[in-house]
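>
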Amino acid sequence: MSTVAYLGPAGTFTEAALHKLQRAGAFAGAEHDAETGVTAVPVASPGEALRRVSAGEADYAVVAAESSVEGAVTATHDALVENPRLQIFAEATLDIQFSILTGTEEIAAKPHAITSIATHPVAYQQIRTWVDNHLPNAEFIPAPSNGEAARMVVQGRVDAAAAPDNAADLHGLARMAQGVADVSGAQTRFIALTAAQRSVAPRTGNDRTGIIFHVHNEPGALAGVLQEIAGHGVDLSRIESRPTRTGLGTYRFHLDMHGHIDDAPVAAAVAALERRCEKVQFLGSWPKAR
């Protein structure tokens with residue numbers, strides 16, 4: 001049976017994405033229509049999930065990559081660089097709404113008495129206005145995951161948590177509010193990764209290819225790279241910069257291209273990057289979420 005590391009504990013959006021990918025048949029050896037074909041292993045961070053796969057302690061990892069509200073999940077993108085022998089082979093998107101959970105119905109009925117609320121920092125940015133309006137006395141307490149935030153309520157460490165709705169049933173918590181989101185239609189994209197020696201996901205005609213690259217520190221270097229990609233007729237769906245942590249003003253770039261590495265224009269664009277850039281890391285080609 002395959003093992004999948006994900007940001008835990010049980011009840012996180014990442015776990016929900018894992019099950020969605022499993023039902024779609026993303027993991028080898030998993031039953032197509034059941035949630036029992038893999039062993040899901042909760043871990044404390046996206047970096048730990050990827051490290052488990054790199055070390056051969058898990059077959060796959062599922063982590064959040066991008067939020068429609070907050071953009072790139074930086075912990076994931078930094079972990080990709082730290083684990084260069086992994087490749088993305090699938091993705092899934094989830095609609096994101098939160099429930100505000102408390103220990104008892106009595107606490108839920110007294111919003112002004114709530115002095116602390118825990119959730120993941122990315123999640124907090126998606127509910128901050130709601131919290132300001134409905135829980136004016138609540139201090140934000142960062143949690144490593146939304147599922148862990150619910151556990152913090154159970155442990156009595158905070159008065160409330162913003163978490164997926166199913167966390168209420170998992171932990172026996174009261175629902176103060178459901179469907180909470182400052183931005184309607186918010187979504188998060190999750191990616192599934194495995195060891196790079198496995199074959200790249202087959203071309204479907206509706207694919208995405210990921211690259212991380214470092215440009216030479218010279219005028220016009222980035223512009224030249226982007227012109228090279230455009231010259232091959234390849235469109236980008238995303239580009240982000242992240243510091244290399246080697247000095248001020250030094251960055252690496254993460255980009256997603258429309259298309260598959262087996263598409264001639266994408267292959268030519270990647271080859272051009274390898275010629276022009278100081279370093280190129282291929283993240284894989286995979287089907288876009290539907």
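Under full-length UniProt numbering, the sequence shown has 73 at position 73, and the numbering climbs by one with no breaks. Backbone N, C-alpha and C fix where the C-beta goes; we use that ideal spot for every residue, glycine too.
(1) Taking Cβ to Cβ, would you say residue 24 is nearer than 9 Å to residue 6?
(2) Do you know offhand how far residue 123's Cα is from residue 186's?
(3) Confirm, please, whether the CB-CB distance from residue 84 to residue 201 is below 9 Å.
(4) What would DSSP say about residue 20, mapped onto helix, strand or coil?
(5) Would residue 188 and residue 13 qualify as a contact pair, given that the criterion is a beta-carbon distance under 9 Å?
(6) By a C-beta neighbour count over all protein chains shown, 10 Å radius and 16 as the cutoff for buried, is residue 218 buried or exposed?
(7) Give the secondary structure of residue 152 by DSSP, where H, G and I count as helix, E and B as strand, and everything else as coil.
(8) The beta strand (DSSP E) that contains residue 243, what's its start and end?
(9) Indicate whether residue 182 and residue 259 have their beta-carbon atoms separated by less than 9 Å.
(10) Tell me, please, which residues DSSP counts as bridged to residue 286.
(11) Run the CB neighbour count on residue 33, radius 10 Å, all protein chains shown included, and call it buried at 16 or more, exposed below.
(12) Do the segment 136–148 and the segment 111–125 meet, that is, are 3 or more Cβ pairs less than 8 Å apart?
(13) Under 9 Å between the Cβ atoms of residue 56 and residue 196?
On the basis of the supplied data:
(1) no
(2) 11 Å
(3) no
(4) helix
(5) Their beta carbons are under 9 Å apart, which means residue 188 touches residue 13 by this criterion.
(6) Flag for residue 218 reads exposed.
(7) helix
(8) 236–243
(9) no
(10) 208
(11) Because the pLDDT of residue 33 is 37, which lies under 50, any placement of that residue in the model is unreliable, and the question is left without a value.
(12) yes
(13) no
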